[in-house]
Amino acid sequence: MKIDVGILGATGEVGQKFVVNLQNHPWFRISALFASERSAGKSYAEALGYGTEASRWFVKSVPEKKVLDMTVAEVGEASGDEADLFFSALPSETARDIEGKIAKEKPVVSTASAYRYFDDSFTYLPGVNESHAKIIEIQRKNRGWKGFVVPQPNCTTIGLALSLKPIHDRFGLERVTMVSMQAVSGAGYAAVSSWAEQRRAQGSSLPEALGYFVAGTFEGNVIPYISGEEEKVKKETVKLLGDFVDGKIIPASFKIACKCNRVPVLDGHTESVFIETKSKCSVDELKEAWKRYRGEPQRLALPTAPKQPIVVTEAVDRPQPRFDCMVEGGMAVVIGGVAANVFENGFQYTVLSHNTELGAAKGAVLAAEYLYSIGMIK
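Position one of the sequence shown corresponds to residue 1 (the UniProt record's numbering), numbered consecutively onward.
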């Protein structure tokens with residue numbers, strides 16, 4: 001028997017990805033769609049302008065007719081009665097109130113940051129910090145909720161933290177430095193749609209529009225500032241790799257520095273990472289640790305779990321977003337350029353992760369699968 005799920009923010013970029021990842025899911029069934037007041041009362045197709053020149057459907061996969069025919073409800077009216085599990089793609093500024101209201105009765109798995117940084121939050125990255133799941137019961141007790149809110153980490157944190165997990169566990173970490181080259185889709189629906197609309201104005205179809213970068217803010221440019229991003233990465237990485245002790249998450253002790261940049265790439269966050277390990281090891285030992293790594297999603301054979309969560313490439317010029325972003329359906333991190341550097345126990349590598357698959361909707365679906373498998377979702 002499938003679990004009925006609702007999608008909050010169903011018409012946005014991440015909401016659309018939730019739809020395509022849930023519409024044929026073996027465990028979950030879409031029962032309710034929620035969006036802003038301007039979409040409420042319309043069919044999902046009408047709310048998106050699907051099939052028209054003004055279509056705002058940005059995902060390559062095709063939505064099923066039964067989903068397109070569903071009536072969209074106003075997100076502010078969601079009560080928790082409409083489904084047994086909710087996926088949230090809401091903007092963070094509106095997520096806290098709405099997700100909190102629903103969590104009084106039902107579980108919420110969210111891509112928003114609203115509940116990431118509370119002491120009783122289980123910010124969950126599948127394959128990294130399942131040991132923190134017990135904090136859900138503390139959250140319920142603290143807040144008087146029957147449900148819970150489990151947020152995903154920041155999409156930039158995800159590739160970094162997953163790449164560090166096997167190294168941290170096996171060799172320990174002293175220092176981590178990261179420089180990101182982040183895709184425009186990480187800036188949200190507005191950034192992607194602005195590109196697409198400009199290209200369509202020149203006569204391109206929507207699929208063609210998404211394949212090009214048009215004149216404007218992003219083409220031929222690098223933006224060396226993303227508001228709040230660096231603080232999120234630094235805070236979240238050590239929390240994800242920390243220990244759960246006496247009802248609290250104790251952050252990992254290694255030092256971390258980072259610099260985040262937006263670059264003219266549609267999908268895929270690429271990061272240059274420099275590490276110093278506590279124990280001596282070799283490049284080959286690092287590669288072996290990554291290649292052999294399997295987490296709880298693989299042990300449990302969850303439906304959305306990649307068979308190999310970390311893929312190591314030996315090509316000197318890889319990974320590249322255009323060619324490697326969709327490895328394992330966009331659910332693996334791809335590592336290349338592994339080398340020792342001049343620092344004691346120092347190494348460097350490049351890691352690529354898909355910011356709107358593993359880093360958003362598809363990763364949230366995998367998180368919900370784990371929570372269901374351990375009995376937290378019923």
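In this text, a Cβ means the ideal position worked out from N, Cα and C, and glycines have one as well.
C-alpha distance - residue i paired with residue j, whole-angstrom precision
i: A252; j: V222; result: 32 Å
i: D284; j: P107; result: 42 Å
i: G127; j: G172; result: 18 Å
i: E105; j: G346; result: 49 Å
i: R262; j: G186; result: 9 Å
i: G147; j: G80; result: 10 Å
i: E273; j: R175; result: The question names Glu, but residue 273 is Val in the sequence shown. Near 10 Å, if we compare the C-alpha coordinates of R175 and V273.
i: I249; j: D120; result: 9 Å
i: Q23; j: L68; result: 11 Å
i: L366; j: P151; result: 12 Å
i: Y124; j: F118; result: 13 Å
i: A45; j: K65; result: 9 Å
i: L241; j: T277; result: 15 Å
i: T157; j: E236; result: 7 Å
i: K165; j: D246; result: 22 Å
i: L286; j: L160; result: 15 Å
i: K362; j: E328; result: 12 Å
i: F34; j: D97; result: 15 Å
i: P224; j: C258; result: 12 Å
i: L371; j: F254; result: 29 Å
i: I275; j: M331; result: 23 Å
i: L90; j: R143; result: 21 Å
i: S299; j: S373; result: Here the sequence assigns Arg to residue 299, which means Ser is not the residue at that position. About 11 Å.
i: G220; j: P264; result: 7 Å
i: F122; j: I226; result: 25 Å
Residue burial classification, residue i (beta-carbon count within 10 angstroms, cutoff 16)
i: P26; result: exposed
i: P2; result: The identity of residue 2 in the sequence shown is Lys, whereas the question assumes Pro. Classification for K2: exposed.
i: D84; result: buried
i: P321; result: buried
i: T52; result: exposed
i: Y293; result: buried
i: S279; result: exposed
i: R116; result: buried
i: K239; result: buried
i: F343; result: exposed
i: S180; result: buried
i: V233; result: buried
i: K17; result: buried
i: V341; result: Residue identity differs from the one stated: residue 341 is Asn in this sequence, not Val. The residue in question, N341, is exposed, as its Cβ has fewer than 16 Cβ neighbours within 10 Å.
i: A339; result: exposed
i: D169; result: exposed
i: D324; result: buried
DSSP state of residue i mapped onto helix, strand, coil
i: V128; result: coil
i: G51; result: coil
i: Y115; result: coil
i: C155; result: helix
i: P321; result: helix
i: I374; result: coil
i: F148; result: strand
i: E174; result: strand
i: Q23; result: coil
i: residue 388; result: Nothing about residue 388 can be reported from this structure: the residues present for the chain run from 1 to 378 only.
i: K287; result: helix
i: T123; result: coil
i: H354; result: coil
i: S205; result: Only weak support exists for where S205 lies, its pLDDT of 49 falling under 50; the value from the coordinates is given anyway. Note: S205 maps to coil in three-state DSSP.
i: A35; result: strand
i: R292; result: helix
i: P297; result: helix
i: L160; result: helix
i: A367; result: helix
i: Q139; result: helix
i: V327; result: helix
i: T304; result: coil
i: E314; result: coil
i: G100; result: helix
i: K165; result: helix
Short Cβ contact (7 Å threshold) for residue i with residue j
i: L48; j: T71; result: no
i: G268; j: H132; result: no
i: V20; j: S61; result: yes
i: S88; j: S110; result: yes
i: A289; j: P297; result: no
i: V14; j: I30; result: no
i: V351; j: S163; result: yes
i: E82; j: A40; result: no
i: E229; j: C260; result: yes
i: G336; j: R318; result: yes
i: F58; j: L8; result: no
i: A183; j: L266; result: yes
i: E99; j: V149; result: yes
i: E369; j: L302; result: yes
* Pairing CB atoms from the segment 303–315 with CB atoms from the segment 130–140, are three or more of them under 8 Å? -> no
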